[in-house]
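Novice:
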Amino acid sequence: MSLFITFEGIEGAGKSTQILLLKSALLKQGLNVLITREPGGTFIGDQIRTILLDQKNKDMTPLTELFLYEASRAQHVHEKILPALKQKKIVISDRFYDASTVYQGMARELPLSWIHPLNRMASFELKPDLTFVLDVDVTKGLSRIQKRYRSTKKKDRIERESQKFHHKIRQGYLTLAKKEPSRIKVIDAAQDINTIHQNILYWVNKKR
Ligand code: TMP
């Protein structure tokens, strides 16, 4: 059977590590898995991602930002996610439309009544079967990305936002999870990596 799983959380919550662990556990079960991400996931989407995350674009308005995320999503769902689900794959996306609700809506304060219809449109009405919010303290999350970037490249446009912005993101995800508890599972991402993984695997196997 096909399954559409998404991962969300503040920066530095550990999504990438958990996505890779989940992928290898599902592959071991003999399942067909596709890993993808937003913004990006397609040739066109990756170009949109570059515009979105470029620090030089600091004058981008929240509405422009929203449309670019939705444009990347429309291409992603059409070109990659829907065909994979049709082939009965398990699709795991590093972020999806909940990120637009939380980042552009709850943090940038665009009206949710604008965002919801665009989310529905860009995803061709597709909804994730299961969403994991990796929840971690903002200071801890940001210190993880600080370490990651110390020796390599600079932080991107969104990672450069204030602590207050990231607090709003964390609270936003927790609010969404309360509204849709059967789809959105909040995972305490301060736990050790394997405990988090086992927790995630439990919910995925329960859904299958
Ligand atoms: P990533 O760092 O998890 O790859 O995501 C890129 C950034 O884009 C991250 O800061 C979250 C942000 N984002 C939004 O603001 N809205 C969206 O709809 C999506 C998918 C991501």
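No gaps in the numbering here: position 107 of the sequence shown is 629 in my numbering, and each next residue is one more.
C-beta: ideal position from N, C-alpha, C; glycine also.
Where do the N-terminal and C-terminal ends of the alpha helix (DSSP H) with lysine 595 fall, by residue?
Specialist: In the sequence shown, residue 595 corresponds to position 73, counting from 1. Checking the displayed sequence, the identity of residue 595 turns out to be arginine instead of lysine. Its alpha helix (DSSP H) spans residues 584-598.
Novice: Within 10 angstroms of the Cβ of threonine 697, are there 16 or more other Cβ atoms? Answer buried if so, exposed if not.
Specialist: Your numbering for residue 697 matches position 175 in the sequence shown. Flag for threonine 697 reads exposed.
Novice: Cβ-heavy atom distance between serine 684 and the ligand TMP below 7 Å?
Specialist: For the purposes of this step, residue 684 is taken as residue 162 along the sequence shown, with counting starting at 1. No - the ligand TMP has no heavy atom lying nearer than 7 Å to the Cβ of serine 684.
Novice: Going by DSSP, what residue range makes up the beta strand (DSSP E) through serine 615?
Specialist: On the sequence shown, position 93 is the one that residue 615 refers to. Its beta strand (DSSP E) spans residues 612-616.
Novice: Using a Cβ-Cβ cutoff of less than 7 Å, which residues in the same chain neighbour isoleucine 557 once the five nearest sequence positions on both sides are dropped?
Specialist: Position 35 of the sequence shown holds residue 557. Cβ neighbours of isoleucine 557 beyond the five flanking positions: Ile541, Lys545 and Ile614.
Novice: At a threshold of 7 Å, does isoleucine 680 count as lining the ligand TMP (C-beta to nearest heavy atom)?
Specialist: For the purposes of this step, residue 680 is taken as the residue at position 158 of the sequence shown. It does: the Cβ of isoleucine 680 is within 7 Å (strictly closer) of some heavy atom of the ligand TMP.
Novice: What separation, rounded to the nearest whole angstrom, lies between the Cα atoms of histidine 638 and glycine 531?
Specialist: On the sequence shown, residue 638 is found 116 positions in, with the first residue counted as 1. On the sequence shown, residue 531 is found 9 positions in, with the first residue counted as 1. Going by the C-alpha atoms only, they are around 19 Å apart.
Novice: Would tyrosine 625 pass as a contact of arginine 595 if the rule is Cβ separation under 8 Å?
Specialist: Position 103 of the sequence shown holds residue 625. Position 73 of the sequence shown holds residue 595. Contact flag unset, no.
Novice: Quick one: what's got a C-beta closer than 6 Å to valine 658's C-beta in the same chain, skipping five residues either side?
Specialist: The residue labelled residue 658 in the question sits at position 136 within the sequence shown. Within the same chain, valine 658 has close Cβ partners Ala535, Ala711 and Ala712.
Novice: So, for asparagine 579: in the same chain, excluding its five sequence neighbours on each side, which residues have a beta-carbon less than 7 Å away from its beta-carbon?
Specialist: On the sequence shown, position 57 is the one that residue 579 refers to. Answer for asparagine 579: Ile573 and Arg679, listed in chain order.
Novice: Nearer than 7 Å: is that true of the beta carbon of proline 561 relative to any heavy atom of the ligand TMP?
Specialist: Position 39 of the sequence shown holds residue 561. The answer is yes for proline 561.
Novice: Does the distance from the C-beta atom of leucine 607 to that of serine 524 stay below 8 Å?
Specialist: Working through the sequence shown from its first residue, we reach residue 607 at position 85. Working through the sequence shown from its first residue, we reach residue 524 at position 2. Cβ distance < 8 Å, so leucine 607 and serine 524 count as in contact.
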